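Report on the structure given below.
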Amino acid sequence: MITNELYGLLQCPTCHSRALYVLDDGVHCASCATVYPLREGYLDLMPRGMHYDYVSKYVTDETELAEELDYRELAPPLLAAGVRDRALRRLLRFRPTDIVLDNGCGTAKHAVWNADQVHLMVGSDPATLFADRAVAEVALAQADSRSLPFAEGTFDKAFAIDILEHFPLEVIDAYLAETARVLRPGGRMLAFSNTREMSPIQPIINLSRRLGRLFVRAGLYDFSREARRKSDHIKALETWEDVVAAFERAGLRPVKVVFWNSLFTTFVEHVVMKLGEAVLGRTAKKPSQPPPQAAKDPSADPYLASLATQTTPEGTAREIRARQRVRSHLRPGSPVYRALMVITLVMELDLWLFGWMRCGSYFIVVEKPR
């Protein structure tokens with residue numbers, strides 16, 4: 001969604017000028033003559049003529065990942081994503097007057113889920129795997145976080161969910177410095193990420209992982225999609241001291257931290273959810289004589305559409321089928337929705353009961369000094 005208000009936040013990401021004007025073909029910079037095209041539902045605001053050593057796999061492999069991520073349709077904020085979103089709202093305390101940046105938004109699901117809480121929600125990402133609702137409801141920019149296309153002091157709040165673990169240290173520093181630049185004095189940022197530190201209750205948490213591995217060996221499910229999603233995790237911030245030091249280098253002062261010791265979460269993700277996916281993701285038996293329409297249109301069944309090509313591993317295809325089938329029953333108030341909300345609240349107990357206990361996964365709120 002491109003709005004006039006978004007235009008008012010911009011600066012040229014190539015030369016940093018604010019001398020911009022808008023024509024039918026896009027945003028023009030009067031200083032360096034760069035044209036930033038208008039795309040379908042977002043602005044292409046990538047810096048021109050810049051070379052970066054690090055490029056995210058979500059940019060280099062965007063076409064390949066588009067099918068695997070099943071990103072176009074959003075479910076409600078439930079399970080682990082729901083825990084993250086509830087913590088985001090609770091810790092960042094959105095206000096109706098806030099202008100907020102989801103920096104590295106991915107599908108922009110958290111931006112969509114919170115757009116009605118603020119005055120303007122902006123999503124920024126170098127990849128364009130934006131959900132359909134995000135394109136319709138959020139001001140979106142294709143942009144690189146090392147050279148954000150926004151003026152200094154533009155945003156009241158910003159957040160980064162599952163971002164920092166992907167970056168090498170020099171990119172983290174650039175990302176945080178740019179985020180700090182576009183925050184107003186007194187503005188706050190929330191980040192959720194993880195270090196390499198183990199939880200004090202890790203041996204108990206690992207019981208669920210071992211149970212999950214037994215089911216994997218039995219052939220009931222696998223973690224291929226999860227492994228693919230995490231394959232580029234670098235975790236350059238290896239300890240909590242590294243995290244605090246990185247934010248302080250960017251001039252951001254830590255004000256609140258909650259750790260996520262995933263005792264209940266691991267059991268849900270490694271056992272409950274995966275067993276559910278194994279059942280719900282089973283392929284329907286093919287009839288001995290398929291109807292003529294099905295023979296002509298192999299994607300007629302929306303639940304089996306992901307099997308139309310052979311590029312998706314079976315474990316991933318099964319997980320996508322399960323998610324699509326559950327999603328069709330996720331109307332607020334439906335039995336499936338209520339059951340998943342109860343599971344979400346159980347997972348959230350990890351924050352309430354163990355959030356004081358230092359471990360790898362963390363929510364941190366930082367503030368830009370006035």
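Position 220, counted from 1, in the sequence shown is what my numbering calls 220; the numbers after and before it change by one each time, with no gaps. Backbone N, C-alpha and C define an ideal beta-carbon position, used for all residues, glycine too. Note that the coordinates shown come from a computational prediction; the quantities given were computed from them, not determined experimentally.
Taking Cβ positions, are residue i and residue j nearer each other than 8 Å?
i: Leu101; j: Ser124; result: yes
i: Pro254; j: Pro369; result: no
i: Leu183; j: Ala160; result: no
i: Pro335; j: Pro76; result: no
i: Cys29; j: Leu43; result: no
i: Lys274; j: Phe215; result: yes
i: Ala191; j: Leu164; result: yes
i: Tyr252; j: Ala180; result: For the record, residue 252 in the displayed sequence is Leu; it is not Tyr. For Leu252 and Ala180, yes; Cβs fall inside 8 Å.
i: Leu237; j: Thr195; result: yes
i: Leu45; j: Pro13; result: yes
i: Pro126; j: Ala143; result: yes
i: Leu10; j: Val27; result: yes
i: Gly212; j: Val271; result: yes
i: Val268; j: Gly355; result: no
Quick check on the burial criterion: 16 or more other C-beta atoms within 10 angstroms. Buried or exposed for residue i?
i: Arg188; result: buried
i: Lys109; result: buried
i: Arg374; result: In the structure displayed, the chain extends from 1 to 370; residue 374 sits before or after that span and is not available.
i: Ile204; result: exposed
i: Met50; result: exposed
i: Tyr36; result: buried
i: Thr107; result: buried
i: Ser231; result: exposed
i: Val279; result: exposed
i: Arg146; result: buried
i: Val330; result: According to the sequence displayed, residue 330 carries Leu and not Val. With fewer than 16 Cβ atoms within 10 Å of its Cβ, Leu330 is classed as exposed.
i: Thr3; result: exposed
i: Val47; result: Residue identity check: residue 47 is Pro in the sequence provided, not Val. By the neighbour-count rule (16 or more Cβ atoms within 10 Å), Pro47 is buried.
i: Glu40; result: exposed
i: Glu68; result: buried
i: Ser56; result: buried
i: Leu169; result: exposed
i: Ala250; result: buried
i: Thr63; result: exposed
i: Thr154; result: buried
Could you say which of the options lies nearest to residue i if we only look at CA atoms?
i: Gln117; options: Ala127, Arg48, Pro126 and Glu137; result: Glu137
i: Glu5; options: Leu88, His119, Glu64 and Thr34; result: His119
i: Leu23; options: Leu211, Thr154, Ala33 and Ala180; result: Ala33
i: Val365; options: Leu220, Arg90 and Leu78; result: Arg90
i: Asp242; options: Gly360, Cys105, Glu367 and Arg39; result: Gly360
i: Ser31; options: Thr60, Arg18, Arg48 and Val257; result: Arg18
i: Cys15; options: Val268, Ala151 and Tyr52; result: Ala151
i: His166; options: Glu367, Phe94, Gly104 and Arg282; result: Gly104
i: Met1; options: Ala141, Tyr58 and Pro96; result: Ala141
i: Glu226; options: Asp25, Leu65 and Val59; result: Leu65
i: Met357; options: Asn206, Arg95, Val346 and Gln202; result: Gln202
On the premise that residue j lies in contact with residue i, defined as a C-beta separation below 8 Å, what is that separation, rounded to the nearest angstrom?
i: Asp162; j: Ser199; result: Rounded, the Cβ-Cβ distance is 18 Å, inconsistent with contact.
i: Ser208; j: Thr266; result: 4 Å
i: Asp156; j: Ile99; result: 5 Å
i: Leu129; j: Tyr71; result: 5 Å
i: Met121; j: Ala131; result: That belief does not hold up - the Cβ atoms of Met121 and Ala131 are roughly 13 Å apart, past 8 Å.
i: Trp240; j: Glu178; result: Actually they do not touch by this definition, with Cβ atoms about 23 Å apart.
i: Thr344; j: Leu78; result: 5 Å
Touch test, the segment 321-341 against the segment 76-96, Cβ-Cβ under 8 Å, three pairs minimum: These segments touch.
Contact between the segment 345-359 and the segment 248-262 (3+ Cβ pairs under 8 Å): With a cut-off of 8 Å, the segment 248-262 and the segment 345-359 count as touching, because enough Cβ pairs lie within range.
Segment contact flag, the segment 228-246 with the segment 168-177, C-beta cutoff 8 Å, min 3 pairs: Contact between the segment 228-246 and the segment 168-177 is present, because at least three Cβ pairs lie under 8 Å.
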